[in-house]
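Undergrad: Per my numbering, the first sequence starts with residue 1, numbered consecutively. Quick one: this structure, given as structure tokens, is what I'll be asking you about.
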Amino acid sequence: MVKQKTMSNEEMDGWRKTHYTKDITKDLVDKEVILGGWVRNYRDLGGLRFITLQDVYGERQITLKKGIVSDEVFEKAKVGYQYCLMVKGTVKGFEKAPGGIEIIPKEIKILNKTPEKLPIDVTGETSTELDLRLNNRALDLRSVRNQAIFAIRGEILNSARSFLLGNDFKEIYTPKIIGSATEGGTELFPIMYFDREAFLTQSAQLYKEQLSGVYERVFEVGPSFRAEKSHTKRHLCEIVQLDMEMAFADMNDVLKILEELVQNVIIGVRDKQMSALKLLGMENKTIVPEIPFPRYTYEELIDLLNAKLNLKIEWGEDLSTKANRKLGQEIPGYYYITHWPMAIKPFYIMPSKNPRFSESFDLQKGWLELSSGGTRVHNKVQLVEALENKGLNPIAFESHLRTFDFGMPPHAGFGLGIARWLTVLCGLDDIREAVMYPRTPERLTP
RNA sequence: GCCCAUAUAGUGUAGUACGGUUAGCAUUAGGGACUGUCACUCCUUCGACCCGGGUUCAACUCCCGGUGUGGGCGCCA
């Protein structure tokens, strides 16, 4: 194993951070500040040493000139990558310093050290494989790239919330531990609930429908679990979804709200996180889309794929990976695919006037499906029939069905995968990069 | 779940094409020089052939199996 350096760690004592790196501006020149963070870079020029100290918001240069700082502080400044430090010092303007400003330390506390060899490259000299980075994620997340990705994620949620709250939506929370059998579709993770079998929820669908009959417009940001052994760069076993449901509305109302939400969020991200977008090279790619988004029907696109793009897709089939990729080449932006065959949609989706079709849609960005939704069935008799048609047992849905005796309004909604969208907005190659601690069939730690 | 590829210092790679060398480079890490760097620079030292079996005088190299990883497909309200 690697040997630890011998000096012992210090305590904070009475020290508290007075500022983040982003707060160090020219207004603070000659003021004393206390910063805390991690060593992003260290350069030793002999009588002159530089520490680049990073914190959650960015970085700032700590400059140690022999004769200017005390010998004790100068000696202590021999630090390694990602050491955890607190620095008490004076802010100085200096043209050659990054940002034109630097900190001249009076005192340094080394709160924690790192091994001589870190398990992943934090210098930016080489790019460590994603799998290895994920094994050491808490360290990996300190990189500027990851700081940018998750700053954008934060702004997506912030903008989405303020958009929805501003449109009379109420934030809800629905249970993730459920007792009933599957609604069909994806596999569930079974768990023990005391002495009974229970499951982790695959979506908030049924509960958000119920609550649309109470609060009319509801949304939730919450986890869903899918026990599929999918090996792709766009599937995870644990995902966070933005779920929305609105009463007295149908699919067309949802299409309109969703495209407005997408547009508003991208405006918010560009407004608040432009530097993060630039760092990821996305400032000219993640641009504000025009609305309304193009709307294509399932049937139109099947015809397009078969006629123009040389595929052989039977009417009624779901779109394969290959078909989606072809579509993405043809239509690179945001667009809707509406009126999917009823046969491949879940029981709660409203059939169209022609019952082979359904009042359902997917929101696509290029080849990737970001969201799906539609008008729901609100009539109990019709819903029971739909369950039976799908081979599901209405008795297993008794408590859900009861809701429909209480004056359930017509309603519609969507669910949108946050990580998939973040992947698109940040130009990432793999959905695991868009999640702090991704869960895949192989990965259960960290 | 299926098919294909791949595995070399902490990290990222070269190479063994045709089996035999001191396994090369960059960075990290240790030592040294350097008072305005910003991927500092320079000198120096340490550090590696995934695991198991087989073929062979000899395997990091060839073969088989395993495992990990990557890619594609499938699964996927």
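A virtual CB, placed ideally from N, CA and C, is assigned to each residue, including glycine.
Can you tell me which of Asn310, Glu317, Phe414, Asp250 puts its alpha carbon nearest to the alpha carbon of His378?
TA: Stepping through the first sequence from its first residue, residue 378 is reached at position 378. Considering only alpha carbons, the answer is Asp250.
Undergrad: Going straight from the alpha carbon of Pro294 to that of Glu330, what length do you get?
TA: Taking the first residue of the first sequence as 1, we reach residue 294 at position 294. Taking the first residue of the first sequence as 1, we reach residue 330 at position 330. Cα-Cα distance, rounded: 13 Å.
Undergrad: Counting only the same chain and skipping the five closest in sequence on each side, list residues whose C-beta sits under 8 Å from that of Ile110.
TA: By 1-based counting over the first sequence, the position of residue 110 is 110. Cβ within range, chain order: Met7, Asn9, Glu10, Lys76, Val79, Tyr83, Cys84, Leu85.
Undergrad: Determine the direct distance from the alpha carbon of Phe94 to that of Leu242, and round the result to whole angstroms.
TA: Position 242 of the first sequence holds residue 242. Position 94 of the first sequence holds residue 94. One C-alpha to the other measures close to 46 Å.
Undergrad: Can you give me the Cβ contacts of Arg356 inside the same chain, cut-off strictly under 7 Å, excluding the 5 residues immediately before and after it?
TA: Looking up residue 356 in the first sequence gives position 356. Excluding residues within five positions, the ones whose Cβ falls inside 7 Å are Pro341, Met342.
Undergrad: Is it buried or exposed for His231, if we count other Cβ within 10 angstroms and need 16 for buried?
TA: Start at 1 with the first residue of the first sequence, and residue 231 comes out as number 231. By the neighbour-count rule (16 or more Cβ atoms within 10 Å), His231 is not buried but exposed.
Undergrad: Determine the burial state of Ala386: buried for a count of at least 16 other Cβ atoms within 10 Å of its Cβ, exposed for fewer.
TA: Sequence index remark: in the first sequence, residue 386 carries index 386 (1-based). With 16 or more other Cβ atoms within 10 Å, it is buried.
Undergrad: In the DSSP assignment, find the alpha helix (DSSP H) that holds Thr447 and state where it starts and stops.
TA: With the chain represented from 1 up to 446, any question about residue 447 goes unanswered, as that position is not in the structure.
Undergrad: Flag this pair as touching only if the stretch 346–355 and the stretch 182–192 have three or more C-beta atom pairs under 8 Å; answer yes or no.
TA: Yes: the two stretches touch, three or more of their Cβ pairs being nearer than 8 Å.
Undergrad: Kindly indicate which three-state DSSP category Gly154 falls into: helix, strand or coil?
TA: In the first sequence, residue 154 corresponds to position 154, counting from 1. Helix at Gly154.
Undergrad: Which residue or residues does DSSP assign as beta-bridge partners of His411?
TA: In the first sequence, the residue the question calls residue 411 occupies position 411. Answer is Ala247.
Undergrad: Whose C-beta lies closer than 6 Å to the C-beta of Met1 among residues of the same chain, with five residues either side of it excluded?
TA: Against the first sequence, residue 1 aligns to sequence position 1. Low per-residue confidence applies at Met1: pLDDT is 26, beneath 50, and the placement is therefore not dependable enough to give any value.
Undergrad: Smallest Cα separation from Gly213: which of Met244, Ser275, Thr63, Ile337?
TA: What you label residue 213 is simply residue 213 of the first sequence in a count that begins at 1. Comparing Cα-Cα distances from Gly213 to each of Met244, Ser275, Thr63, Ile337, the minimum goes to Met244.
Undergrad: Go ahead and pull the three-state DSSP assignment for Ser358.
TA: Locating residue 358 in the first sequence gives position 358, counting from the first residue. Note: Ser358 maps to strand in three-state DSSP.
Undergrad: Using a 10 Å radius around the Cβ and a threshold of 16 neighbouring Cβ atoms, would you call Leu428 buried or exposed?
TA: Numbered from 1 along the first sequence, position 428 holds the residue referred to as residue 428. It counts as buried.
Undergrad: Excluding the 5 residues preceding and the 5 following Phe414 in the sequence, name in chain order all residues of the same chain whose CB lies nearer than 6 Å to its CB.
TA: For the purposes of this step, residue 414 is taken as residue 414 along the first sequence, with counting starting at 1. Correct list, in chain order: Met244, Val254, Leu258, Ser371, Gly373.
Undergrad: Would you mind reading off the limits of the alpha helix (DSSP H) that contains Asn284?
TA: Sequence index remark: in the first sequence, residue 284 carries index 284 (1-based). Run containing Asn284: none; DSSP gives neither H nor E here.
Undergrad: Should Ile287 be labelled buried (16 or more other beta-carbon atoms within 10 Å of its own) or exposed?
TA: One-based indexing of the first sequence puts residue 287 at position 287. It is exposed - the Cβ of Ile287 has fewer than 16 other Cβ atoms within 10 Å.
Undergrad: Name the two residues that bound the continuous beta strand (DSSP E) containing Trp38.
TA: Here residue 38 refers to the residue found at position 38 when the first sequence is read from its first residue. Run containing Trp38: 32–44, per the beta strand (DSSP E) assignment.
Undergrad: Given a cut-off of 8 Å on the beta-carbon distance, is the pair Leu301 and Leu327 in contact?
TA: The residue given as residue 301 occupies position 301 in the first sequence. The residue given as residue 327 occupies position 327 in the first sequence. Yes, the pair counts as a contact, with Cβ atoms nearer than the cut-off.
Undergrad: Going by alpha carbons, who is nearest to Ser159 out of Glu260, Gln147, Tyr81, Ser143?
TA: Within the first sequence, numbered from 1, the residue matching residue 159 stands at position 159. Among Glu260, Gln147, Tyr81, Ser143, the Cα nearest to that of Ser159 is on Glu260.
Undergrad: In the structure shown, what three-state DSSP assignment does Phe94 receive?
TA: Numbered from its first residue, the first sequence carries residue 94 at position 94. Phe94 falls in the coil class under three-state DSSP.
Undergrad: In terms of DSSP beta bridges, what is Thr297 paired with?
TA: The residue you call residue 297 lines up with position 297 of the first sequence. In the DSSP output, where bridge partners are listed per residue, Thr297 has Thr338.
Undergrad: Considering only residues of the same chain and omitting the five flanking positions on each side of Glu102, which have a CB-CB separation below 6 Å?
TA: As a working mapping, residue 102 is identified with position 102 in the first sequence. Cβ neighbours of Glu102 beyond the five flanking positions: Gln61, Thr63, Lys92, Phe94.
Undergrad: Take Arg325 and list the residues in its own chain whose beta-carbon comes closer than 6 Å to its own, dropping the five residues that flank it on each side.
TA: In the first sequence, the residue the question calls residue 325 occupies position 325. Only Trp367 meet the Cβ criterion.
Undergrad: Which same chain residues end up closer than 6 Å to Gln4 when comparing Cβ atoms and leaving out the 5 residues on each side of it in sequence?
TA: Here residue 4 refers to the residue found at position 4 of the first sequence. Low local confidence applies: a pLDDT of 40 at Gln4 is under 50, so the model's placement there is unreliable, with the coordinate-based value given in what follows. Result list for Gln4: empty, nothing under 6 Å.
Undergrad: Is it buried or exposed for Thr321, if we count other Cβ within 10 angstroms and need 16 for buried?
TA: Translated into the one-based positions of the first sequence, residue 321 becomes position 321. Burial call: exposed.
Undergrad: Helix, strand or coil for Asn167 per DSSP?
TA: For the purposes of this step, residue 167 is identified with residue 167 of the first sequence, where counting begins at 1. Looking at Asn167 - three-state DSSP - the assignment turns out to be coil, as it is neither helix nor strand.
Undergrad: Any chance you could list the beta strand (DSSP E) runs of at least 3 consecutive residues sitting entirely within the stretch 220–265, in chain order?
TA: Here the runs fully enclosed are 238–247.
Undergrad: From Met192 to Leu200, what distance separates their C-alpha atoms?
TA: Start at 1 with the first residue of the first sequence, and residue 192 comes out as number 192. Start at 1 with the first residue of the first sequence, and residue 200 comes out as number 200. Going by the C-alpha atoms only, they are around 10 Å apart.
Undergrad: By a C-beta neighbour count over all protein chains shown, 10 Å radius and 16 as the cutoff for buried, is Phe225 buried or exposed?
TA: Position 225 of the first sequence holds residue 225. The residue in question, Phe225, is buried, as its Cβ has 16 or more Cβ neighbours within 10 Å.
Undergrad: Out of Ala419, Gly89, Thr297, which has the shortest C-alpha to C-alpha gap to Lys106?
TA: On the first sequence, position 106 is the one that residue 106 refers to. It is Gly89 whose Cα lies nearest to the Cα of Lys106.
Undergrad: Inspect the beta-carbon positions of Thr297 and Gly222 and report whether they are closer than 8 Å.
TA: The count along the first sequence starts at 1 and reaches residue 297 at position 297. The count along the first sequence starts at 1 and reaches residue 222 at position 222. Not closer than 8 Å, so no.
Undergrad: Which of the three DSSP states, helix, strand or coil, is assigned to Ile68?
TA: Here residue 68 refers to the residue found at position 68 when the first sequence is read from its first residue. In the structure shown, Ile68 sits in coil (DSSP, three-state: anything other than H, G, I, E or B).
Undergrad: Roughly how many angstroms lie between the CA atoms of Ile24 and Gly14, to the nearest whole one?
TA: On the first sequence, residue 24 is found 24 positions in, with the first residue counted as 1. On the first sequence, residue 14 is found 14 positions in, with the first residue counted as 1. If I take the Cα positions, the gap works out to 21 Å.
Undergrad: So the candidates are Gly99, Tyr81, Ile104; which of them puts its Cα closest to the Cα of Glu116?
TA: Taking the first residue of the first sequence as 1, we reach residue 116 at position 116. Per the Cα distances, Tyr81.
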